[in-house]
Amino acid sequence: MDLPTNTLRGKLILDGGSLAGSFFHRSVLLICQHDEEGAFGLILNRPLSPPPATASPFKLPNSLKNHSIFVGGPVQPGALSFLMTDAFIDAEEILPGIALGNHLEDLEAWCQHYSPQKSFRLFSGYAGWSPSQLDDEVSKGAWLIHPASKELIFDHPPQSLWRDIMSQMGWEERLQATAPDDLSEN
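Quick note: the sequence shown uses the numbering used here, first residue 34, plus one each step.
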């Protein structure tokens, strides 16, 4: 199947400022699928708390018990997904060197070869859009588009990801990035 040339797959989308009060307020998502069937993405800046060692709904390998799990989105919160670098397992490459997996067995196999030089992130749930829904939301300004990178996905502190990316955009986005979460506190 040929993907449209305007696919958002492998790109970041950010709350463009109109999602206050919604599940996606100030969210940054990596779009993993975007085609005529719809879209699928994972929120990169919403870690779960408490830490997964005490709260994980998944039977994670011991080597992952102390790693954070991120809220991937509001759809199927019991569904496990993960992004990883240096994937040798059969996983779908989203960006060069960054793959998506969703089978616990694949994660366990990847963990057997884990080293600190490799990066991964675990997600509970995902964000999903019906055909053309994400395109419509982008055209209405609900989402801003930004290039994705390994550093933004794995290395950037999640708490400041939205603000830091917005600060790199135009003056209106920089202004939004410095505004308080609740504008009544302004």
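Virtual Cβ for every residue (Gly too), placed ideally from N, Cα, C.
Going by DSSP, which residues form a beta bridge with residue i?
i: M117; result: A132 and F153
i: Q66; result: F73
i: P180; result: K44
i: T103; result: The sequence shown places Phe at residue 103, rather than the Thr named in the question. Partner(s): P80 and F156.
i: W162; result: A72
Taking Cβ positions, are residue i and residue j nearer each other than 7 Å?
i: G203; j: G49; result: no
i: G24; j: G105; result: The structure shown does not extend to residue 24, since the chain is modelled only from 34 through 219, so no value can be given for it.
i: I198; j: L155; result: no
i: L93; j: L177; result: no
i: I64; j: L41; result: yes
i: G130; j: T118; result: yes
i: A210; j: R196; result: yes
i: L10; j: G43; result: This structure leaves residue 10 out entirely; the chain is present only between 34 and 219.
i: P191; j: N78; result: yes
i: F223; j: L81; result: Outside the displayed span of the chain (34 to 219) sits residue 223, for which this structure offers no information.
i: V108; j: L194; result: no
i: L45; j: H189; result: no
i: E126; j: A132; result: yes
With respect to the alpha helix (DSSP H) encompassing residue i, which residues constitute its N-terminal and C-terminal limits?
i: S200; result: L194 to S200
i: L208; result: W204 to T211
i: S172; result: Q166 to S172
i: D139; result: L137 to Q145
What do you get for residue i, buried or exposed, if any count of 16 or more other CB atoms within 10 angstroms of its CB means buried?
i: A160; result: buried
i: L167; result: buried
i: Q66; result: buried
i: L113; result: buried
Considering only heavy atoms of the ligand SAM, does any lie closer than 6 Å to the CB of residue i?
i: V108; result: Among the ligands in the structure shown, none appear at all, so the ligand SAM cannot be discussed.
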